[in-house]
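S.K.:
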Amino acid sequence: MAQDRASAVTWTRLPGACPIDHACVDVDQWRLIGAHCRETSGRLAALWGSDERVAGRGLLVHALLVSESGWSWISLDAGATQPWFPSLDALFPTAARLERALWDLLGIASDKRDKRPWIRQGAWGPADFPLRRDFTQTHAAATGDPYPFVVVRGSGVHEIGVGPIHAGTIEPGHFRFSVVGDEILRLETRFGYAHKGVEKRLEALPLKDGWRLAGRICGDSSAAYAGAYAMALEAMNGCEVPPRALWLRALLWERERIANHLGDLGALCQDGGLAFGHTQFGLLKEQWLMTHGRLFGHRYLMDTIIPGGVACDLDAAACEVLEAECATVLATSRRLQDIIDNHAGLQERFLGTGRLDMGDARSLGAVGLAARASGIALDLRARHPLPPYDHLQTRLALRTQGDVAARVAVRFDEIFESLRLIHEILAYLPQGPVRARCEDPGGRLGFGAVEGWRGEVLVAITRAPSGATHHVHIHDPSWQNWPLLERAVLGDLVPDFPLINKSFNLAYSGHDL
Amino acid sequence: MYKLIRQIFRTGIRHPPRRVLAETPAQGPTLAAALGRSLAVRHVDAGSCNGCELEIQALGNALYNLAALGVRLVASPRHADILLVTGPVSRAMADPLRAAYAAMPAPKRVLALGDCARGCGIYTANYATVGAVGDVIPVDGVIAGCPPSPEAIRAAFIALLGL
């Protein structure tokens, strides 16, 4: 009977580059599809909501699921008054925080176990839901709601609170450590400090103009975010992106990946006590960014990927510059890897520190770089490749130890693989235009996914049939991976936290939106 | 160790590029008169996208070498002469920002770094943001850009120090 209900779901293949099936489901089907996904080793990629009451429906809850067979997107009408849906957090731990955020932003309730706010931070009232379309801002100032952290009791246990302003030059967030001496018994993170109302802002912008903001949500992943946004938009209006533009996008994504890995490897050396490494990788990254500025117009590749294609192009001379630079970075990175791998002091800090084993990583729903360092072979470029990755045959970087050393090793592997991909892209870059016309979309639903340097960056757009309203949801892989950090630090020392944290280097702004 | 030393010699000493700045230089009075020649800077991300943070971090690389100008980033506002603030100020960060400013010893100055900190940038004020940095604490100078390049930030410090 249950299977009958699940098989009665009508799936529709959405148009666009990224193959995905969509279905509107009822409460039973929502539960069954979630459970089936879990049983077949699938995972929850994202969960969010949209207010579609103006279109004569209620508040909708959407879930993105992914399994070996590909992407699926289910939408459940949670009702217009007292909206409710069955929680997925027993199936997918990732859902827990997403459901808390869903309550904060849209007031859609689930039978979730943790009732604390996640994004709200007392910045608006507990009965106000900013992503509802009838939300009007009335309050004066933030109230600074108390937030009950989970308390660890026992002899000698005390708490260390860090943030929202951190000692280093990083984004705002709060870490609450429960420790005995220097040993971490528990870490609880709290976010929402960088919440800027991105999704509300995107609702107010015409869809064709949202790309500029999409590229400024997470400064280190601008190309991935803008790329996923463009992909979702192009899916909605049937825009055919010219092949040359697709290849140039891949070039930009790979360059973004290398820039971040170089910077993080430098920071990891710094936190591990090897200033030499910080200096060396700092210089490599700086030269890489300068090339971005010179050839693509922006050091962090902002405004390079636009709906319909790209806003930059390469001539033969520029390709030669890029080739030569890749050769330099390859040679220098190999030398530095040799030095790091043989530096006893640094290895002593890296090996076994911040360990996350494969079982924990899998049950927590790990994605991206952190998953690959714990032996989970996830990489959209290799598992669900879109052009040009289907031609490029990306070799997935994989390590099983799950410690800081493994995440360092994965970063090196990915630098070398991305350099190889760039070489291939430059060799086989198709000729032709780099941009197609991409006007306001006609479709109802659009989806885009890009394997950014942290993991999969997802954009899902829903649009009312009349076209009068739309909602853009952006999902950063940090939603999945922040809980990994909480697990990885257990039993480690507080002074090792910066090192472990940097080995993940997760997003705050991309998470908080 | 031999390989490490060899790599240091291979790298040599780098100097920041000299070129005309595309961005607007910082506006504001020279700080050297009030604060002296050595500046301790505390950075606060009040809701930025992380772009400005990356450029502040880049100032510490061997090319821009901000420390050579006598400017260093410090871990606490209690040690700071200058508060370097990025981002449109989110509601959740307004109070921490005020607290950091209040914790600084006088004389103190505030620099708003980046288009968001300067005027809310692409984010514009909404339910989740209170506006630009100047809407929360007094601002003495701004450095424009999205994000401002390390050259522009370095040039702003040189101008402020009257070098």
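Just so you know, the sequences run in chain order A and B. Taken in order, the first sequence gives residues 22 to 534; the numbers are from the numbering used here. Taken in order, the second sequence gives residues 4 to 166; the numbers are from the numbering used here. By construction, the Cβ of each residue, glycine as well, lies at the ideal position given by its N, Cα and C atoms.
1) Quick check on ASP49 of chain A: does DSSP put it in helix, strand or coil?
2) Residues of the region 6-18 of chain B with a CB closer than 8 Å to any CB of chain A: list them in chain order, please.
3) Please tell me whether ALA120 of chain B has its Cβ less than 8 Å away from any Cβ of chain A.
4) Terminal residues of the continuous alpha helix (DSSP H) containing SER354 of chain A?
5) VAL47 of chain B touches chain A at which residues, Cβ-Cβ below 7 Å?
6) Along the chain, which unbroken stretches of the beta strand (DSSP E) at least 3 residues long are found entirely within the region 157-223 of chain A?
7) ILE140 of chain A bridges to which residues according to DSSP?
8) ASP48 of chain B and GLY117 of chain B: beta carbons closer than 8 Å?
9) Which residues in chain A sit within 8 Å of PRO99 of chain B, going by Cβ to Cβ distance?
10) Kindly indicate which residue of A:ILE397, A:GLY330, A:ARG508 and A:VAL429 has the alpha-carbon position closest to the one of ILE361 of chain A.
11) Pull the bridge partners of VAL74 of chain B from the DSSP assignment, please.
12) Is the shortest distance between the beta-carbon of GLN301 of chain A and the beta-carbons of chain B less than 8 Å?
13) Check whether the region 252-265 of chain A and the region 466-473 of chain A touch, using three or more Cβ-Cβ pairs below 8 Å as the test.
14) Please go through the region 247-276 of chain A and give each complete beta strand (DSSP E) segment of 3 or more residues, from N-terminal end onward.
15) In whole angstroms, what separates the C-alpha of THR27 of chain B from that of SER199 of chain A?
16) Give the residues of chain A in contact with LEU76 of chain B, contact being defined as C-beta atoms less than 9 Å apart.
17) Distance, Cα to Cα, GLN60 of chain B vs LEU80 of chain A?
18) Once the 5 residues before and after LEU294 of chain A are set aside, which same chain residues still bring their CB inside 8 Å of it?
19) Within 8 Å (strictly less), CB to CB, does ILE360 of chain A reach chain B?
20) Could you give the uninterrupted runs of the alpha helix (DSSP H) lying entirely in the region 361-403 of chain A, keeping only those of 4 residues or more?
21) Would you check if the region 76-89 of chain B and the region 104-111 of chain B touch, i.e. whether three or more CB-CB distances between them fall below 8 Å?
22) Compute the Euclidean distance between the alpha carbons of VAL455 of chain A and ALA271 of chain A, then round it to the nearest angstrom.
23) Return the residue from the list A:GLU89, A:ILE95 and A:VAL48 that minimises the CA-CA distance to LEU35 of chain A.
24) If we call anything under 8 Å between Cβ atoms a contact, is PRO104 of chain A one with GLY77 of chain A?
25) Kindly confirm or deny that the region 279-287 of chain A and the region 503-522 of chain A touch, where touching means at least three C-beta pairs closer than 8 Å.
26) Rank A:GLY213, A:GLU220 and A:ALA352 by C-alpha distance to the C-alpha of SER530 of chain A and give the top, closest one.
27) Please list, in chain order, the chain A residues whose beta carbon lies closer than 8 Å to that of MET107 of chain B.
28) Per DSSP, which residues does THR132 of chain B bridge with? Please list them.
29) Which residues share a DSSP beta bridge with ALA470 of chain A?
30) Where does the unbroken alpha helix (DSSP H) through GLY54 of chain B begin, and where does it stop?
31) What three-state label does DSSP hand ILE54 of chain A in the structure shown?
32) Taking only beta-carbon atoms, is PRO151 of chain B less than 8 Å away from chain A?
33) Tell me the rounded alpha-carbon separation between GLY218 of chain A and PRO193 of chain A.
34) Apart from the five residues just before and just after ASP98 of chain A, which ones in its own chain have a Cβ nearer than 7 Å to its Cβ?
35) In the structure shown, what three-state DSSP assignment does GLY124 of chain B receive?
36) Would you decide whether LEU442 of chain A is buried or exposed? Buried here means 16 or more other CB atoms lie within 10 Å of its CB.
M.R.: Inspection of the coordinates gives the following:
1) helix
2) LYS6, LEU7, GLN10, ILE11, THR14 and ARG17
3) no
4) 337-362
5) ILE186
6) 178-183, 195-201 and 204-211
7) DSSP lists no partner for ILE140 of chain A.
8) no
9) PRO185, ILE186, PRO193 and TYR214
10) A:VAL429
11) B:LEU42
12) yes
13) yes
14) none
15) Unreliable positioning characterises THR27 of chain B in this predicted model, as indicated by a pLDDT of 46, which lies under 50. The coordinate reading is nonetheless provided below. If I take the Cα positions, the gap works out to 46 Å.
16) GLY189 and THR190
17) 42 Å
18) Correcting the residue identity first, residue 294 of chain A is Gly in this sequence and not Leu. Correct list, in chain order: GLY366, LEU367 and ARG370.
19) yes
20) 365-371, 379-385 and 389-394
21) yes
22) 13 Å
23) A:ILE95
24) no
25) no
26) A:GLY213
27) Going along chain A, no residue has its Cβ under 8 Å from MET107 of chain B, so there is no contact; the nearest lies around 12 Å.
28) B:SER93
29) A:LEU479
30) 54-61
31) helix
32) no
33) 16 Å
34) ARG78, GLY79 and LEU81
35) helix
36) buried
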